[in-house]
Amino acid sequence: MPLIQTSAMMMTTLIVLAGIISIIIINTEAFAQNQTPLNQSGAGMIDLNVQGVSAFVPEGRDIYTITGEVFNNNTFPFNSVQVSTTLYDNNSQVVGVGSGYTSPSGIQPGLKAPFKIDIFGGEIRGGIDAINNYTLQVAGDLQVQLFQ
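Heads up, the sequence shown is in numbering that gives the first Met the number 0, so the first residue is 0 and it goes up one at a time.
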């Protein structure tokens, strides 16, 4: 084959490969950008729902306990599902924080898992009696299959 034809074929091959690599990079970046909001905690999370929450102080213990369940409302599983709480006093000032993982820590689509958060009274500014209300946030790692 003449040198000019060989060079032209190599150039065509490189252009095609560059195009394929560009498509892969663009799709990977788009996937990563779309995934980010699903892994964040807070009110924007619609795929993991906290249900059946109760807060109490076990008799004779200096521990504030929050229990409940997390339901996976997504079509993909979540791993390392963690529920965090912020405790507030009558003046809406933060008096404590705590967190706990669901058991099991991974939740399959359409299923739920219980969680328990224990916060010791000594970790709460003003003690357990200072708690007026609390908020909960849930976060987890969404497991998405890129290729089947």
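Glycine is no exception: its CB is placed at the ideal position from the N, C-alpha and C atoms.
From what residue to what residue does the beta strand (DSSP E) around A54 run? L47 to F55
Based on the DSSP output, what are the partners of P113 in its beta bridges? E68
Identify whether T84 lies in helix, strand or coil by the three-state DSSP scheme. strand
Quick one: is F114 buried, meaning 16 or more other Cβ sit within 10 Å of its Cβ, or exposed? buried
For Q136 and Q142, the rounded distance between their alpha carbons: Across the structure, Q142 and Q136 are spaced so that their CA atoms are roughly 19 angstroms apart.
Helix, strand or coil for G120, going by three-state DSSP, please let me know. Reduced to three states, the DSSP call for G120 is helix.
Quick one: what does DSSP say I130 is sitting in, helix, strand or coil? coil
Check Q136 in the structure and name its three-state DSSP category. strand
Could you tell me the distance, in whole angstroms, from the CA atom of Y99 to the CA atom of G59? The sequence as given places Gly at residue 99; Tyr does not occur at that position. C-alpha separation (whole angstroms): 22 angstroms.
If we count the other Cβ atoms within 10 Å of its Cβ and call it buried at 16 or more, is T101 buried or exposed? buried
Per DSSP, which residues does V93 bridge with? Please list them. Y87
Contacts around P76, its chain only, beta-carbon distance under 7 angstroms, and the 5 residues preceding and following it disregarded: G105, I106, Q107, P108 and Q142
Just list the residues that DSSP pairs G99 with in beta bridges. Its beta-bridge partners are V82.
Inter-residue spacing [alpha-carbon to alpha-carbon] between Y63 and G120: 7 angstroms
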